[in-house]
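Q: Add 12 to a position in the sequence shown, counting from 1, and you land on the number used in the numbering used here. This structure is in structure tokens; I'll ask about it shortly.
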Amino acid sequence: MASLKPLDIYKLLPKKNCKECGDPTCLTFAMKLAGGKAQPDQCPYLDENAKAILGASTRPPIQKVKIGVGERSFTLGEEMVQYRHEKTFIHEPGIMTAIPDTMPGDRIKEITTDVRDYVLTRIGTDLRLNGIAIRCESGSPGEFSRAVEAVESVADLPEVLMSTDPVCMEAGLGVSGNYRPLIHAATHENYQEMCRLAKKFSCPLAIRADTLDSLADLSSKCATEGVSNLLLDLTSPSLHEVLNRTTAVRQHAVTRQTPALGYPVFLDCAQPGLEDAFLVTGVAKFGSVLVCNPLSQPVRKALLVLRQNIYTDPQKPIQITPGLYRIGSPGKDAPVLLSVNFSLTFFTLQGYLEASRVPSLMLVVDTEGLSVLTAVASGKLQEAMVKEAIAKFDLGNAVSHRKLIIPGYAAPLSGRIEDATGWKVLVGPRDAADIAEFLLQEWKP
Ligand code: SF4
Numbered sequence: 013m014a015s016l017k018p019l020d021i022y023k024l025l026p027k028k029n030c031k032e033c034g035d036p037t038c039l040t041f042a043m044k045l046a047g048g049k050a051q052p053d054q055c056p057y058l059d060e061n062a063k064a065i066l067g068a069s070t071r072p073p074i075q076k077v078k079i080g081v082g083e084r085s086f087t088l089g090e091e092m093v094q095y096r097h098e099k100t101f102i103h104e105p106g107i108m109t110a111i112p113d114t115m116p117g118d119r120i121k122e123i124t125t126d127v128r129d130y131v132l133t134r135i136g137t138d139l140r141l142n143g144i145a146i147r148c149e150s151g152s153p154g155e156f157s158r159a160v161e162a163v164e165s166v167a168d169l170p171e172v173l174m175s176t177d178p179v180c181m182e183a184g185l186g187v188s189g190n191y192r193p194l195i196h197a198a199t200h201e202n203y204q205e206m207c208r209l210a211k212k213f214s215c216p217l218a219i220r221a222d223t224l225d226s227l228a229d230l231s232s233k234c235a236t237e238g239v240s241n242l243l244l245d246l247t248s249p250s251l252h253e254v255l256n257r258t259t260a261v262r263q264h265a266v267t268r269q270t271p272a273l274g275y276p277v278f279l280d281c282a283q284p285g286l287e288d289a290f291l292v293t294g295v296a297k298f299g300s301v302l303v304c305n306p307l308s309q310p311v312r313k314a315l316l317v318l319r320q321n322i323y324t325d326p327q328k329p330i331q332i333t334p335g336l337y338r339i340g341s342p343g344k345d346a347p348v349l350l351s352v353n354f355s356l357t358f359f360t361l362q363g364y365l366e367a368s369r370v371p372s373l374m375l376v377v378d379t380e381g382l383s384v385l386t387a388v389a390s391g392k393l394q395e396a397m398v399k400e401a402i403a404k405f406d407l408g409n410a411v412s413h414r415k416l417i418i419p420g421y422a423a424p425l426s427g428r429i430e431d432a433t434g435w436k437v438l439v440g441p442r443d444a445a446d447i448a449e450f451l452l453q454e455w456k457p
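Right, here's the structure in full:
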């Protein structure tokens with residue numbers, strides 16, 4: 013079913029305007045439903061017909077699928093839009109490092125340990141690789157299960173088991189089936205056996221076919237077998253073809269034209285000479301599971317940062333907790349710098365202060381995640397909250413002076429902050445990169 017427009021939804025509502033859904037009118041509720049910001053069951057007066065229609069219309073057009081169990085498990089699908097500027101993308105793709113089952117056990121453990129432990133902290137968030145894909149290149153059930161055992165001996169990471177041979181797959185699942193690995197791949201030739209295994213071990217299943225029509229046909233067959241936790245393998249040796257396929261599948265899914273294509277996308281990015289390009293394309297254009305060879309440090313960093321940027325909700329800036337933050341070991345005469353709780357602002361200033369080697373204090377106030385310039389322009393940064401923060405975080409006892417350095421972009425507030433707080437205000441630089449020079453030249457407790 014195609015998504016309904018607000019007025020179409022409104023026609024299905026009881027029009028009591030009783031506010032029990034939490035909205036002032038039925039029309040407001042209809043607009044929220046259309047935008048995916050409310051659920052039909054919030055209205056207690058819907059009749060069965062309206063429930064059925066609205067339920068189908070507001071359900072995410074791409075199936076939710078979970079891979080793995082425990083802390084490192086991850087969820088895919090539930091995407092609602094084609095383009096990130098329409099609404100945020102929901103679940104970032106999982107990056108799965110591939111190892112062949114012919115690799116020596118020690119090397120498998122080494123790579124798995126690296127994937128388990130690698131972390132890149134950026135803007136206060138830990139970015140990680142997601143798991144391991146084990147390729148059955150030996151064709152041997154014994155070799156395959158041995159490789160899965162080697163992975164499992166060092167980490168409880170989500171896994172992709174890759175074989176089109178149901179016998180090998182069952183051997184691998186015999187080791188890791190309780191940990192909900194992704195089974196890859198069912199084809200038109202083996203789907204009944206693979207569906208049997210997916211049901212037996214309650215695992216998601218990736219399906220593969222040459223064309224989108226054939227893939228839609230295969231997903232319908234799997235649904236008939238009782239398996240609907242699917243991923244669509246859209247891998248092709250041609251990057252151009254991959255981009256065309258992922259874009260087409262997302263269009264079919266979000267417009268609900270082809271429900272049989274309403275599943276997350278699997279891409280095997282380990283294509284000779286093109287792996288980095290496949291990975292970037294997969295992150296930017298609708299991939300949900302990306303399989304790749306072990307990545308070099310520069311490539312993995314770039315990829316994780318790209319993924320973080322694309323999957324950060326632009327309507328919800330990353331925020332840090334307001335408070336008094338110490339840089340180094342500040343004494344009673346340390347400078348105090350006012351900042352906002354927009355993470356990018358905070359971590360940028362923190363980085364430059366650390367580099368300056370001047371022990372200092374950052375007084376961070378709650379601007380709802382807005383940057384200094386935006387907070388000043390919108391009135392979210394005001395003298396009253398600075399006064400309140402000074403009292404709340406006991407700044408008067410942390411330092412012996414009464415001087416506050418405010419960001420250059422907050423200069424219009426300097427007089428009002430001074431009057432409200434009684435602290436002498438120094439207007440700092442607009443650019444955090446100039447803070448070391450500023451402290452050197454201007455700071456005297
Ligand atoms: S609860 Fe239902 S009837 Fe009442 S205002 Fe909300 S949508 Fe309208």
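Each residue gets a CB set at the ideal place from its N, CA and C atoms; glycine is no exception. Here the structure is a predicted model, which means the values were calculated and not measured.
(1) Going by Cα to Cα distance, which pick from Ile339, Val370, Lys344, Thr379 is closest to Ser355?
(2) So, does the region 300-307 touch the region 254-261, judging by three or more C-beta pairs under 8 Å?
(3) Could you tell me whether any non-hydrogen atom of the ligand SF4 is closer than 7 Å to the CB of Phe298?
(4) Round the Cβ separation of Ile79 and Arg192 to the nearest angstrom and send it over; I've been treating them as touching at under 8 Å.
(5) So if DSSP puts Ser351 in a beta bridge, which residue, or which two residues, is it bridged to?
(6) Can you tell me the Cα-Cα spacing of Asp177 and Thr199, whole angstroms?
(7) Can you tell me the Cα-Cα spacing of Ser157 and Val187, whole angstroms?
(8) Can you list, in chain order, the residues of its chain with a C-beta nearer than 7 Å to that of Leu286? Leave out the 5 residues immediately preceding and following it.
(9) In angstroms with no decimal places, state the Cα-to-Cα distance between Val352 and Ala410.
(10) With a threshold of 8 Å, are at least 3 pairs of Cβ atoms found where one atom belongs to the region 112-129 and the other to the region 162-178?
(11) Any idea if Pro284 is buried or exposed, counting beta-carbon neighbours within 10 angstroms, 16 or more meaning buried?
(12) Between Thr70 and the ligand SF4, is the CB less than 7 Å from at least one heavy atom?
(13) In the DSSP assignment, find the unbroken beta strand (DSSP E) run with Met174 in it and report its ends.
(14) Looking at Thr109 and Ala145, is the spacing between their C-beta atoms short of 8 Å?
(15) Could you have a look at Cys180 and say whether DSSP puts it in helix, strand or coil?
(16) With a threshold of 7 Å (Cβ to nearest heavy atom), would Pro26 be considered close to the ligand SF4?
(17) Determine the DSSP secondary structure at Pro271, reduced to helix, strand or coil.
(18) For the ligand COA, any of its heavy atoms closer than 7 Å to the Cβ of Phe86?
(19) Check whether the Cβ atoms of Ser412 and Asp325 sit closer than 8 Å, and answer yes or no.
(20) Are the Cβ atoms of Trp435 and Pro347 separated by less than 8 Å?
(21) I want to check one thing, is the minimum distance from the CB of Cys30 to the heavy atoms of the ligand SF4 below 7 Å?
A: Looking at the atomic coordinates:
(1) The sequence position of residue 355 within the sequence shown is 343, counting from 1. Residue Thr379 is the option with its Cα nearest to Ser355.
(2) no
(3) What you label residue 298 is simply residue 286 of the sequence shown in a count that begins at 1. Phe298 Cβ: outside cutoff for every heavy atom of the ligand SF4.
(4) Stepping through the sequence shown from its first residue, residue 79 is reached at position 67. Stepping through the sequence shown from its first residue, residue 192 is reached at position 180. 6 Å between Cβ atoms; contact.
(5) Working through the sequence shown from its first residue, we reach residue 351 at position 339. DSSP lists Val376 as partners of Ser351.
(6) Numbered from its first residue, the sequence shown carries residue 177 at position 165. Numbered from its first residue, the sequence shown carries residue 199 at position 187. Rounded to whole angstroms, Asp177 to Thr199 spans 10 Å at the Cα level.
(7) Position 145 of the sequence shown, counted from the start, is the residue given in the question as residue 157. Position 175 of the sequence shown, counted from the start, is the residue given in the question as residue 187. Taking the straight line from one Cα to the other gives about 6 Å.
(8) Locating residue 286 in the sequence shown gives position 274, where the first residue counts as 1. These residues qualify, in order along the chain: Leu251.
(9) Working through the sequence shown from its first residue, we reach residue 352 at position 340. Working through the sequence shown from its first residue, we reach residue 410 at position 398. In a straight line, the C-alpha of Val352 is about 19 Å away from that of Ala410.
(10) yes
(11) Position 272 of the sequence shown, counting from 1, holds the residue named residue 284. Per the 10 Å Cβ criterion, exposed.
(12) Start at 1 with the first residue of the sequence shown, and residue 70 comes out as number 58. No - the ligand SF4 has no heavy atom lying nearer than 7 Å to the Cβ of Thr70.
(13) As a first step, residue 174 is located in the sequence shown; it is residue number 162 there, counting from the start. Looking at the DSSP string, the run of the beta strand (DSSP E) that includes Met174 is 171-174.
(14) Working through the sequence shown from its first residue, we reach residue 145 at position 133. Working through the sequence shown from its first residue, we reach residue 109 at position 97. The answer is yes: Cβ separation under 8 Å.
(15) Here residue 180 refers to the residue found at position 168 when the sequence shown is read from its first residue. Three-state DSSP puts Cys180 in a helix.
(16) Within the sequence shown, numbered from 1, the residue matching residue 26 stands at position 14. Yes - the ligand SF4 has a heavy atom lying nearer than 7 Å to the Cβ of Pro26.
(17) As a first step, residue 271 must be located in the sequence shown, where it is residue number 259. Helix, per DSSP.
(18) Within the structure as shown, the ligand COA is missing, the only ligands being the ligand SF4.
(19) For the purposes of this step, residue 412 is taken as residue 400 along the sequence shown, with counting starting at 1. For the purposes of this step, residue 325 is taken as residue 313 along the sequence shown, with counting starting at 1. Result no, Cβ atoms of Ser412 and Asp325 do not sit closer than 8 Å.
(20) In the sequence shown, counting from the first residue as 1, residue 435 sits at position 423. In the sequence shown, counting from the first residue as 1, residue 347 sits at position 335. Result no, Cβ atoms of Trp435 and Pro347 do not sit closer than 8 Å.
(21) To locate residue 30, count along the sequence shown from 1; it is residue 18. Yes, the ligand SF4 has a heavy atom inside 7 Å of this Cβ.
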